[in-house]
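Heads up, the sequence shown stops at 454 in our numbering, and the numbers go up one at a time, no gaps. Even for Gly, the Cβ is constructed at its ideal location relative to N, Cα and C.
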Amino acid sequence: MSLALAIRPSPKQERSIAEATARLNIWEGAIRSGKTIASLLRWVIFVANAPRGGSLVVAGKTADTISRNVFDPLMDPAIMGPLAKRTSYTRGAPTASILGRKVEIISCADARAETRLRGMTCAGAYVDEITLVDRPFWDMLLSRLSVPGAKLFGSTNPDAPSHWLKRDFLDRRHELDLKSWHFRLDDNHSLDPAYVRALKAEYTGLWYKRFILGLWVLAEGAIFDMWDEDKHVVTTLPLMEKWLACGIDYGTANPFDAVLVGVSVPDEYGQRRIYVTNEWRWDSRQQRRQLTDAEYSVRLADWLDGIPDTYGPGTGGVRPAWLIVDPSAASFVLQLHHDGFRPQQGDNSVLDGIRTVSNLMAADHLRVHASCRDLVDEIVGYAWDDKKAAAGEDAPVKEHDHSVDALRYALHTTQAVWWRLLEPVPRL
Numbered sequence: 027m028s029l030a031l032a033i034r035p036s037p038k039q040e041r042s043i044a045e046a047t048a049r050l051n052i053w054e055g056a057i058r059s060g061k062t063i064a065s066l067l068r069w070v071i072f073v074a075n076a077p078r079g080g081s082l083v084v085a086g087k088t089a090d091t092i093s094r095n096v097f098d099p100l101m102d103p104a105i106m107g108p109l110a111k112r113t114s115y116t117r118g119a120p121t122a123s124i125l126g127r128k129v130e131i132i133s134c135a136d137a138r139a140e141t142r143l144r145g146m147t148c149a150g151a152y153v154d155e156i157t158l159v160d161r162p163f164w165d166m167l168l169s170r171l172s173v174p175g176a177k178l179f180g181s182t183n184p185d186a187p188s189h190w191l192k193r194d195f196l197d198r199r200h201e202l203d204l205k206s207w208h209f210r211l212d213d214n215h216s217l218d219p220a221y222v223r224a225l226k227a228e229y230t231g232l233w234y235k236r237f238i239l240g241l242w243v244l245a246e247g248a249i250f251d252m253w254d255e256d257k258h259v260v261t262t263l264p265l266m267e268k269w270l271a272c273g274i275d276y277g278t279a280n281p282f283d284a285v286l287v288g289v290s291v292p293d294e295y296g297q298r299r300i301y302v303t304n305e306w307r308w309d310s311r312q313q314r315r316q317l318t319d320a321e322y323s324v325r326l327a328d329w330l331d332g333i334p335d336t337y338g339p340g341t342g343g344v345r346p347a348w349l350i351v352d353p354s355a356a357s358f359v360l361q362l363h364h365d366g367f368r369p370q371q372g373d374n375s376v377l378d379g380i381r382t383v384s385n386l387m388a389a390d391h392l393r394v395h396a397s398c399r400d401l402v403d404e405i406v407g408y409a410w411d412d413k414k415a416a417a418g419e420d421a422p423v424k425e426h427d428h429s430v431d432a433l434r435y436a437l438h439t440t441q442a443v444w445w446r447l448l449e450p451v452p453r454l
């Protein structure tokens with residue numbers, strides 16, 4: 027099949043497309059490196075000539091990721107040219123059409139997705155973000171690829187080196203009917219060099235190795251290894267343009283911690299920043315008394331009301347736009363509603379939240395007032411759990427993390443609000 031594309035694949039993409047003739051074909055590596063587009067182009071070529079007598083499947087973690095990562099590019103004329111019209115899909119639908127062939131859509135957010143494959147005979151499959159798929163689902167999918175000439179295509183970002191995909195498949199590719207291609211960010215020559223430089227500056231440590239270099243590496247050492255107290259901790263605050271959020275990590279026996287976050291007015295270079303301006307903590311062990319939900323609510327209001335009017339006119343008695351609460355604190359959320367607040371449960375996607383905070387630090391878009399001592403101390407000591415990393419799981423050590431969790435809730439949950447505010451203001 028000849029592809030009349032709107033883009034020109036890179037030499038590495040072209041080579042991988044031409045070489046993808048194995049039963050299992052996997053593109054792995056850095057973000058924005060061109061691996062997904064190459065894998066999708068090869069999938070379309072396969073669909074055009076796929077064996078009859080079996081189902082075609084597109085699988086991914088969720089319906090949203092399948093739509094965004096697979097079908098948005100396939101239906102984008104800027105990528106696929108005239109072929110974009112030959113793909114039809116409605117977000118959330120159980121099937122799609124590619125080049126006139128019916129394609130089954132399976133999201134595998136939990137183990138029950140495996141049951142959708144049982145009894146199915148597959149002629150071909152495309153899997154988005156393979157490392158996020160449960161191993162039982164993957165094994166079942168491979169077992170259903172029984173039609174002669176059936177093939178699987180897929181892409182993924184790297185994970186821990188002990189991940190089952192690397193250990194049992196990529197590292198054994200010479201023993202299996204499997205081909206794979208490793209992509210780094212620099213392999214995508216179509217990206218704006220300024221964008222590439224920005225990405226390289228924003229990611230550090232584990233994220234740089236995985237998302238820029240495309241390496242399968244362990245999470246080890248300090249999580250916020252880009253933290254520089256001389257740069258990130260301030261003793262004076264600029265005026266706040268927007269009181270963004272108060273993030274709350276709820277605790278009874280453990281500390282209760284709240285951090286107040288604002289977005290500053292543009293500086294002399296037109297740059298706004300996010301500032302953690304104030305912190306309030308109640309440690310029941312130190313205080314030798316646990317507070318009820320009602321008492322926490324009253325003290326939280328008193329703390330916000332008592333913040334001095336030093337950040338601009340009318341800011342005494344702060345009420346931020348968002349009150350983001352630990353999602354496990356359902357009873358406290360109800361109490362806050364009863365007391366006139368408008369709380370929202372925080373997004374507790376731990377790794378995504380850590381990455382959000384890390385990127386802000388690396389880009390020098392986040393600063394913390396020196397009075398927030400508990401937060402500063404926790405940031406310095408926040409580390410990856412070595413035992414879990416060795417077992418293939420990226421997770422922080424769960425101790426001395428209450429302020430960090432509050433900050434993560436506040437920033438990750440509200441990122442749709444603040445990311446545009448951080449774009450530099452043009453200077454006249």
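Item: Using only alpha-carbon positions, find the residue among Ala432, Cys148, Arg34, His215 that is nearest to Asp352.; Value: Ala432
Item: Count the other CB atoms, across all protein chains shown, that sit within 10 Å of the CB of Gly80; report buried if there are 16 or more and exposed otherwise.; Value: buried
Item: State the DSSP-derived secondary structure class of Lys61, mapped to helix, strand or coil.; Value: helix
Item: What residue does the beta strand (DSSP E) around His258 start on, and which one ends it?; Value: Note, His258: premise wrong, no beta strand (DSSP E); alpha helix (DSSP H) at 255-258.
Item: Look at the alpha carbon of Asp411 and the alpha carbon of Val423, and state the distance between them as a whole number of angstroms.; Value: 5 Å
Item: Taking buried to mean at least 16 other C-beta atoms within 10 Å of its own C-beta, is Thr384 buried or exposed?; Value: Residue identity check: residue 384 is Ser in the sequence provided, not Thr. It is buried - the Cβ of Ser384 has at least 16 other Cβ atoms within 10 Å.
Item: Straight-line CA distance for Gly145 to Thr47?; Value: 26 Å
Item: When the distance is taken between beta carbons, is Thr88 closer than 8 Å to Ala135?; Value: yes
Item: The beta strand (DSSP E) with His428 in it runs from where to where?; Value: No beta strand (DSSP E) contains His428, which is instead part of the alpha helix (DSSP H) from 428-439.
Item: Near Ala304, what residues of its chain come up, given a Cβ to Cβ distance below 6 Å and the 5 sequence neighbours on each side ignored?; Value: Note that residue 304 corresponds to Asn in the displayed sequence, not to Ala. Excluding positions up to five away in sequence, the list reads Leu286, Ile333.
Item: Considering only C-alpha positions, which residue in the set Met252, Gln371, Leu362, Cys148 is nearest to Leu326?; Value: Leu362
Item: What does a CB cutoff of less than 6 Å around Pro292 pick up in its chain, not counting 5 residues either side in sequence?; Value: Arg298, Val451
Item: Can you look up Val222 in the DSSP assignment and give me helix, strand or coil?; Value: helix
Item: Within 10 angstroms of its Cβ, does Pro162 collect 16 or more other Cβ (buried), or is it exposed?; Value: exposed
Item: Which same chain residues end up closer than 8 Å to Ala417 when comparing Cβ atoms and leaving out the 5 residues on each side of it in sequence?; Value: Ser188
Item: Smallest Cα separation from Asp194: which of Asp212, Leu50, Val173?; Value: Leu50
Item: Is it true that the region 150-158 meets the region 89-105, where meeting means three or more beta-carbon pairs spaced less than 8 Å apart?; Value: yes
Item: What is the residue span of the beta strand (DSSP E) that Pro369 lies within?; Value: 369-371
Item: Are the CB atoms of Val402 and Val259 within a distance shorter than 8 Å?; Value: yes
Item: Is the region 239-251 touching the region 51-62 in the sense that three or more CB pairs, one from each, lie closer than 8 Å?; Value: yes
Item: With distance defined between alpha-carbon atoms, name the residue in Arg223, Asp213, Asp283 nearest to Pro37.; Value: Asp213
Item: Apart from the five residues just before and just after Leu196, which ones in its own chain have a Cβ nearer than 6 Å to its Cβ?; Value: Ser206
Item: When the Cα of Trp164 is compared with those of Gln371, Leu143, Leu217, which residue comes out closest?; Value: Leu143
Item: Drop a sphere of 10 angstroms on the beta-carbon of Arg7, count the other beta-carbons inside from all chains shown, and report buried for 16 or more, exposed for fewer.; Value: Nothing can be reported for residue 7, as the shown portion of the chain is limited to 27 through 454.
Item: Please name the residue or residues paired with Tyr301 in a DSSP beta bridge.; Value: Gly288, Arg393
Item: Can you give me the Cβ contacts of Arg236 inside the same chain, cut-off strictly under 7 Å, excluding the 5 residues immediately before and after it?; Value: Asn183, Pro184, Val243
Item: For Gly247, count neighbouring Cβ atoms within 10 angstroms of its own Cβ and tell me buried if that reaches 16, exposed if not.; Value: exposed
Item: My output table needs one value for Gly407: the three-state DSSP class, helix, strand or coil.; Value: helix
Item: Considering only C-alpha positions, which residue in the set Asp160, Arg393, His428 is nearest to Tyr408?; Value: His428
Item: Flag this pair as yes or no: are the beta carbons of Ala284 and Trp306 separated by less than 8 Å?; Value: yes
Item: State the DSSP-derived secondary structure class of Tyr322, mapped to helix, strand or coil.; Value: helix
Item: What is the residue span of the alpha helix (DSSP H) that Thr382 lies within?; Value: 376-388
Item: Got a sec? Which residues, its chain only, sit under 7 Å from Ser42 by beta carbon, not counting five neighbours each side?; Value: Trp53, Ala64, Trp207
Item: According to DSSP, is Arg99 helix, strand or coil?; Value: Reading off the sequence, residue 99 comes out as Pro, not Arg. Correct three-state label for Pro99: helix.
Item: On a Cα-Cα basis, can you pick out the residue from Ile350, Val406, Leu437 that is closest to Asp378?; Value: Leu437
Item: Is there contact between the region 355-375 and the region 263-270, where contact requires at least three CB pairs shorter than 8 Å?; Value: no
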